[in-house]
Amino acid sequence: MWSMTKAKQPPSRTPKAHPLASPLGLPTVGDTRRSLVSGEMSCRDVLQQHCDVISALNPELNALPTLCLERADAEARQLDKVLVAQRQGKTTTPVGPLTGMPYCAKDMFDTEGVRTTYGSPLFAGQIPTRDAEIVRRIRQSGALLLGKSNTPEFAAGSQTFNRVFGATRNPWNPQLTCGGSTGGGAVALATGMVILADGSDLAASLRNPASFCAVAGLRPSSHLEPRLQTGSSPFNTLSMVGPMARSVADLRELFLAIFDPSGCAPTRTLADWQAMREAQAKARRSAQRQGRAKKIRLGWSPNWGGLPVQDAVNGQMSACADQLSASGVTLVTAFPSLPDTREAFLTLRGLFFVAEFGDLYTHHRDALKDTIIWNIEQGLKLSASDIAKAERIRAATRACLEDFMRTHELDAIAGPTNQVLPFDLETPYIQEIDGHPLATYIDWLASNFIFSVAGLPAMSLPGGFARDPKTASMLPVGLQLIGRWSDDIALMDIAEIIEAHLLLLNAGFTPPNC
527 MWSMTKAKQP PSRTPKAHPL ASPLGLPTVG DTRRSLVSGE MSCRDVLQQH CDVISALNPE
587 LNALPTLCLE RADAEARQLD KVLVAQRQGK TTTPVGPLTG MPYCAKDMFD TEGVRTTYGS
647 PLFAGQIPTR DAEIVRRIRQ SGALLLGKSN TPEFAAGSQT FNRVFGATRN PWNPQLTCGG
707 STGGGAVALA TGMVILADGS DLAASLRNPA SFCAVAGLRP SSHLEPRLQT GSSPFNTLSM
767 VGPMARSVAD LRELFLAIFD PSGCAPTRTL ADWQAMREAQ AKARRSAQRQ GRAKKIRLGW
827 SPNWGGLPVQ DAVNGQMSAC ADQLSASGVT LVTAFPSLPD TREAFLTLRG LFFVAEFGDL
887 YTHHRDALKD TIIWNIEQGL KLSASDIAKA ERIRAATRAC LEDFMRTHEL DAIAGPTNQV
947 LPFDLETPYI QEIDGHPLAT YIDWLASNFI FSVAGLPAMS LPGGFARDPK TASMLPVGLQ
1007 LIGRWSDDIA LMDIAEIIEA HLLLLNAGFT PPNC
């Protein structure tokens, strides 16, 4: 069983130099795949580089509390044999497009033979016998599972700590939170422990930590695919699984592996995959050169219709607006008046928690953390009328946002991902923003969950850095982009252009000691 918390490292080897090309100066999927195809690097070289980073940084940051590096090394050896034979023309054994890419799975997703705790003492010793569907699809595409990323208990909360493994620290300032609930994945990406990370998002869990760690995270459009829902309520569409990466191009690769598994199955040589992906990227760049970037129209809202936003975040949003305008993007400063999305989200979240954890509440209430108990008890108070009203508001919110985009001829809507900068590791959640008190422990996530209610695709991109008035640290700020329902690919196309425009705001920043 590959369930050790501190796994033995593969034998030490001297890896070849790796080309660095991502916004954080770390390997991309495309560059890594190109090196594997040419033979400049082996899968074991790539793995060793990431093992070295894990060994150096993971003990302090606690991003990947459970590792399975020996198994990854064995899989890398087998992949190297196939790739060598492909280069020598001795075999056409097919592989997937993510062959050899170091990857971590959120500790909410079952992994065959690898300890999976959900961040809960109730499951601290659990070792599943099969992979969750999202993990199966990513591994089928060739990615190497290196370990499990830390998460709050049952992914409840946007501060990554639990009673099994403790807290995960922000790489930009280890005294601060990395956000959550996919916090371990965001930290592993930002520091170069992995190239790809999966996650899930109910209120903010892919976007919030992406913003706090200067990586990209996508909550996909809400849609029904029960096999990708791993809990007790596989027909819910409020919580969605999705990808996280250091760049939009890498995010796209993982999105396709998750949501187009047949299109990413092991059916080609790695050289063929590389040629296909390069042709697709070239076509996108050609579209951009033909003037598409100049025609981008973004709805612009620095506070999403009046939410409290920390001054430092507001300042960085102004910098983003200036940079985008200077790059030829048209910003339409407006945001529609939404129905009571907060009420709808609290209702639907309570319903979700009763469906997922109601039995645990009945039999193990004392073993659950207080915020999970609060969510369940809010759900238990609901009436059929409450739930019906929330569903009506949900439908009205989506219609309102899409009508707004259509009326103003917008490609997307943009504004801050998080309303605050990363905060102290000992603070479980934000209770006030610049003197504005918040009613519940999730109100500081409203900038994210209003779009979860709508079910629209929402992505966080690195939007530069702002100085924390408390610590004087330069901390990441995320720019959130909202697209039309089921237009996830189009949103990624826009995001790739916006990412390029914002490079100047992100250039030169790397986590300390990384």
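Numbering-wise (this note's numbering), the sequence shown opens with residue 527 and increments by one.
Quick reminder that beta carbons are idealized off the backbone N, C-alpha and C, glycines included.
These figures come from a predicted structure and were not determined experimentally.
Practice item. State whether the stretch 624 to 632 contacts the stretch 661 to 675, with contact taken as three or more CB pairs (one from each stretch) at a distance under 8 angstroms. Key: yes
Point to revise | Member of ASP848, LEU874 and MET1000 whose CA lies at the smallest distance from the CA of PHE949 | key: In the sequence shown, counting from the first residue as 1, residue 949 sits at position 423. Of the candidates ASP848, LEU874 and MET1000, the one whose C-alpha sits nearest the C-alpha of PHE949 is MET1000.
Check your understanding: Around the Cβ of GLU935, are there at least 16 other Cβ atoms within 10 angstroms (buried) or fewer (exposed)?
Key -> As a working note, residue 935 is residue 409 in the sequence shown. Per the 10 Å Cβ criterion, exposed.
Review point. Under the three-state reduction of DSSP, which class applies to THR763: helix, strand or coil?
Key: Counting from 1 along the sequence shown, the entry for residue 763 is found at position 237. Three-state DSSP puts THR763 in coil, outside helix and strand.
Review point. So, is LYS808 buried or exposed, given that buried needs 16 or more other C-beta atoms within 10 angstroms?
Key: One-based indexing of the sequence shown puts residue 808 at position 282. Counting Cβ neighbours within 10 Å, LYS808 comes out exposed, since fewer than 16 surround it.
Check your understanding: From which residue to which residue does the beta strand (DSSP E) around ASN584 run?
Key -> Stepping through the sequence shown from its first residue, residue 584 is reached at position 58. Where ASN584 is concerned, there is no enclosing beta strand (DSSP E), although the alpha helix (DSSP H) it sits in stretches over 569 to 587.
Practice item. Compare the beta carbon distance of PRO697 and VAL713 with 7 angstroms and say whether it is the shorter of the two. Key: The sequence position of residue 697 within the sequence shown is 171, counting from 1. The sequence position of residue 713 within the sequence shown is 187, counting from 1. It is a contact, given that the beta carbons lie within the stated cut-off.
Point to revise | 7 angstroms Cβ cutoff met for GLN957 and LEU964 | key: Reading the sequence shown from its first residue, position 431 is the one you call residue 957. Reading the sequence shown from its first residue, position 438 is the one you call residue 964. Closer than 7 angstroms, so yes.
**Study point:** Beta carbon of PHE687 nearer than 7 angstroms to that of TYR644
**Key:** Here residue 687 refers to the residue found at position 161 when the sequence shown is read from its first residue. Here residue 644 refers to the residue found at position 118 when the sequence shown is read from its first residue. Going by C-beta atoms, PHE687 is not nearer than 7 angstroms to TYR644.
Practice item. Could you name the residues of the same chain whose beta carbon sits closer than 7 angstroms to that of ASP837, not counting the 5 residues immediately before and after it, in chain order? Key: On the sequence shown, position 311 is the one that residue 837 refers to. If we look at ASP837 and ignore the five residues flanking it on each side, its Cβ neighbours are ASP960.
Exercise for review: With a floor of 4 residues, list each alpha helix (DSSP H) that falls wholly inside the stretch 591 to 675, ordered by position along the chain.
Suggested key: 595 to 613 and 659 to 666
**Study point:** Euclidean distance between Cα positions of MET985 and LEU782
**Key:** Locating residue 985 in the sequence shown gives position 459, where the first residue counts as 1. Locating residue 782 in the sequence shown gives position 256, where the first residue counts as 1. Using only the alpha carbons, I get a separation of about 15 angstroms.
Review point. CB THR923 to CB THR966, shorter than 7 angstroms?
Key: For the purposes of this step, residue 923 is taken as the residue at position 397 of the sequence shown. For the purposes of this step, residue 966 is taken as the residue at position 440 of the sequence shown. No, these two residues do not count as a Cβ contact at 7 angstroms.
Review point. To which residues of the same chain is ALA547 closer than 7 angstroms at the C-beta, ignoring the five residues directly before and after it?
Key: Against the sequence shown, residue 547 aligns to sequence position 21. Low confidence applies here, because ALA547 scores a pLDDT of 40, under 50, leaving its location unreliable; read the following figure in that light. Excluding sequence neighbours, ALA547 sits near THR554 and ASP557.
Check your understanding: In this structure, does DSSP put SER844 in helix, strand or coil?
Key -> Translated into the one-based positions of the sequence shown, residue 844 becomes position 318. Of the three classes helix, strand and coil, the one that applies to SER844 here is helix, per DSSP.
**Study point:** First and last residue of the uninterrupted alpha helix (DSSP H) at THR686
**Key:** Counted from its first residue, the sequence shown places residue 686 at position 160. Boundaries for THR686: no alpha helix (DSSP H) harbours it, and the DSSP string shows neither H nor E there.
Exercise for review: Put GLU751 into one of helix, strand or coil per three-state DSSP.
Suggested key: Along the sequence shown, one-based indexing puts residue 751 at 225. Coil at GLU751, not helix or strand.
**Study point:** Check whether ASN734 and SER765 have beta carbons under 7 angstroms apart
**Key:** Here residue 734 corresponds to residue number 208 of the sequence shown, with the count starting at 1. Here residue 765 corresponds to residue number 239 of the sequence shown, with the count starting at 1. For ASN734 and SER765, no; Cβs fall outside 7 angstroms.
**Study point:** Cβ contact (3+ pairs, closer than 8 angstroms) linking the stretch 820 to 829 and the stretch 928 to 944
**Key:** yes
Review point. Within this structure, are the beta carbons of LEU1005 and GLY981 separated by less than 7 angstroms?
Key: Taking the sequence shown and counting its residues from 1, the one referred to as residue 1005 is at position 479. Taking the sequence shown and counting its residues from 1, the one referred to as residue 981 is at position 455. Contact flag unset, no.
Exercise for review: Go ahead and label PRO1002 buried or exposed: buried means 16 or more other beta carbons lie within 10 angstroms of its beta carbon, across all protein chains shown.
Suggested key: For the purposes of this step, residue 1002 is taken as residue 476 along the sequence shown, with counting starting at 1. Buried, by the Cβ-count rule.
Review point. Is the distance from the Cβ of VAL747 to the Cβ of PRO591 below 7 angstroms?
Key: As a position in the sequence shown, residue 747 is number 221, starting the count at 1. As a position in the sequence shown, residue 591 is number 65, starting the count at 1. Before going on, a small fix: residue 747 reads as Ser here, not Val. Result no, Cβ atoms of SER747 and PRO591 do not sit closer than 7 angstroms.
Exercise for review: Mind checking who ASN699 pairs with in its DSSP beta bridge?
Suggested key: Taking the first residue of the sequence shown as 1, we reach residue 699 at position 173. In the DSSP output, where bridge partners are listed per residue, ASN699 has ASN696.
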